[in-house]
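Asker: Counting in this note's numbering, the sequence shown tops out at residue 253, every number present.
C-beta atoms are modelled at their ideal positions from N, C-alpha and C, and glycine is treated no differently.
Structure provided below as structure tokens; questions to follow.
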Amino acid sequence: MDHHVFERHEIKFLLDARQRARLEHAFDGKMLPDPYGKSTICNIYYDTPDFRLIRHSLEKPIYKEKLRMRSYGPVEHTSQVFLELKKKFDGIVYKRRISLPEQEATDFLSGKAPLQSNSQIAREILYFYSFYQNLEPKVHLSYDRAAFFSQDDPSLRITLDTNICWRPDRLHLTEQPGGAQLLLPGQSLCEIKSASALPLWLVAILAEAAIRQTSFSKYGRAYQSMLAKKVYRNGGVDCA
């Protein structure tokens, strides 16, 4: 079982096709493609029956947290997946995750079996799960990602996500990705992740291409889309 800890600032931007092309052109000689290349990332987000976690997150508190199961593309029950606890406090993102077989992760989160690890990260995940008591899978969210890292600063990573899809059913990582789109045609969600200040060349290209920081939660947008569909079905009245 592998364990991973990440602590960094994350800044998000919505790019059109022209802005993305200008940004990627500026990568030449500065950013390198991730060794794993382009990938399709699949996530199952867990929440309470009344969506307590995402509702709290959308209120933009100083501290928020979420739990998800992640894989790179659809997997088999025996394939390794990541169980991730993501926290954000005062603008800094802390991500702690363990890897384990998909079936083992699913059995734990459905209450069928204990978590087969006693590591510090596993104990944090177990505490989170026990504290909220009735967590259940809520959204399958997938996207195609191109990732890059800095030649000079290993902590600087830039990811570009397209084809961001969500659905409220078929909530298993063994299922194929797909669902309703969150982005407009030609858009990309850019995330800059760094443990230190951004390099001057990157600040300059963001200003030159008029790339503005935005607030964008994939799970949050999916939840808001879900609410909008519910209101539409109820003739303009939210019956939550």
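#1: Quick one: Cα of Glu20 to Cα of Ala193, how far?
#2: When you compare only the Cα positions, how much space is there between Ser209 and Gln146?
#3: How close, in whole Å, do the beta carbons of Phe102 and Gln226 come, if the pair is a contact with beta carbons under 8 angstroms?
#4: Give me the Cα-Cα distance between Leu215 and Arg170, rounded to the nearest whole angstrom.
#5: Give a yes or no on whether the C-beta atoms belonging to Gln32 and Ala222 are separated by under 8 angstroms.
#6: Verify whether the separation of the beta carbon atoms of Glu23 and Glu204 is less than 8 angstroms.
#7: Here's the rule: buried if 16 or more other CB atoms are within 10 angstroms of the residue's CB, otherwise exposed. What is Ala220?
#8: Runs of 4 residues minimum, wholly inside the region 72 to 145: which ones carry the alpha helix (DSSP H) assignment?
#9: Would you kindly report the start and end of the unbroken alpha helix (DSSP H) that includes His38?
#10: Please classify Val18 as buried or exposed, where buried requires at least 16 other C-beta atoms within 10 Å of its C-beta.
#11: With a threshold of 16 other CB atoms inside 10 Å of the CB of Arg65, please say whether the residue is buried or exposed.
#12: So does the region 229 to 246 actually touch the region 64 to 81, counting three or more Cβ pairs closer than 8 angstroms?
#13: Going along the chain, which residues of its own chain have a beta-carbon closer than 8 angstroms to the beta-carbon of Glu97, five neighbours each way excluded?
#14: Quick check: what's the CA-CA separation for Lys125 versus Pro114?
#15: Please report the straight-line C-alpha distance between Pro46 and Phe40, rounded to a whole angstrom.
#16: Cutting at 8 angstroms between CB atoms, please list the residues of its own chain near Glu188, excluding the five before and the five after it.
#17: Sorted by chain position, which residues of the same chain lie with C-beta nearer than 6 angstroms to Ala253's C-beta, five sequence neighbours on each side aside?
#18: Is DSSP giving Ala253 helix, strand or coil here?
#19: Within 10 Å of its beta-carbon, does Ala118 have 16 or more other beta-carbons around it, so buried, or fewer, so exposed?
Answerer: Quick answer:
#1: To locate residue 20, count along the sequence shown from 1; it is residue 7. To locate residue 193, count along the sequence shown from 1; it is residue 180. In a straight line, the C-alpha of Glu20 is about 31 angstroms away from that of Ala193.
#2: As a first step, residue 209 must be located in the sequence shown, where it is residue number 196. As a first step, residue 146 must be located in the sequence shown, where it is residue number 133. Their Cα atoms are separated by approximately 37 angstroms.
#3: Here residue 102 corresponds to residue number 89 of the sequence shown, with the count starting at 1. Here residue 226 corresponds to residue number 213 of the sequence shown, with the count starting at 1. That belief does not hold up - the Cβ atoms of Phe102 and Gln226 are roughly 19 angstroms apart, past 8 angstroms.
#4: Numbered from its first residue, the sequence shown carries residue 215 at position 202. Numbered from its first residue, the sequence shown carries residue 170 at position 157. Their backbone Cα atoms lie some 12 angstroms apart in a straight line.
#5: On the sequence shown, residue 32 is found 19 positions in, with the first residue counted as 1. On the sequence shown, residue 222 is found 209 positions in, with the first residue counted as 1. Contact: yes.
#6: In the sequence shown, residue 23 corresponds to position 10, counting from 1. In the sequence shown, residue 204 corresponds to position 191, counting from 1. Cβ distance < 8 angstroms, so Glu23 and Glu204 count as in contact.
#7: Here residue 220 refers to the residue found at position 207 when the sequence shown is read from its first residue. With fewer than 16 Cβ atoms within 10 Å of its Cβ, Ala220 is classed as exposed.
#8: 115 to 122 and 133 to 145
#9: Here residue 38 is taken as the residue at index 25 of the sequence shown, counted from 1. Run containing His38: Ala30 to Ala39, per the alpha helix (DSSP H) assignment.
#10: Counting from 1 along the sequence shown, the entry for residue 18 is found at position 5. It is exposed - the Cβ of Val18 has fewer than 16 other Cβ atoms within 10 Å.
#11: Along the sequence shown, read from residue 1 onward, the residue named residue 65 stands at position 52. It counts as exposed.
#12: yes
#13: Within the sequence shown, residue 97 is the residue found at index 84, counting from 1. Here the set comprises Leu80, Arg81, Met82, Arg83, Lys108, Arg109 and Arg110.
#14: Counting from one through the sequence shown, the residue named residue 125 turns up at place 112. Counting from one through the sequence shown, the residue named residue 114 turns up at place 101. Cα to Cα, the separation comes out at about 15 angstroms.
#15: Here residue 46 refers to the residue found at position 33 when the sequence shown is read from its first residue. Here residue 40 refers to the residue found at position 27 when the sequence shown is read from its first residue. Going from the Cα of Pro46 to the Cα of Phe40 covers about 10 angstroms.
#16: Your numbering for residue 188 matches position 175 in the sequence shown. Correct list, in chain order: Pro87 and His153.
#17: Mapped onto the sequence shown, residue 253 falls at position 240. Residue placement at Ala253 cannot be trusted, given a pLDDT of 41 that sits under 50; what the coordinates show is reported in the next sentence. Taken in chain order, the list of residues that qualify is empty.
#18: Mapped onto the sequence shown, residue 253 falls at position 240. Because Ala253 sits at a pLDDT of 41, beneath the cut-off of 50, its placement in the model cannot be relied upon, and the following sentence gives the value as read from the coordinates. Residue state, collapsed to three classes: coil.
#19: By 1-based counting over the sequence shown, the position of residue 118 is 105. Its Cβ being crowded by 16 or more others within 10 Å, Ala118 is buried.
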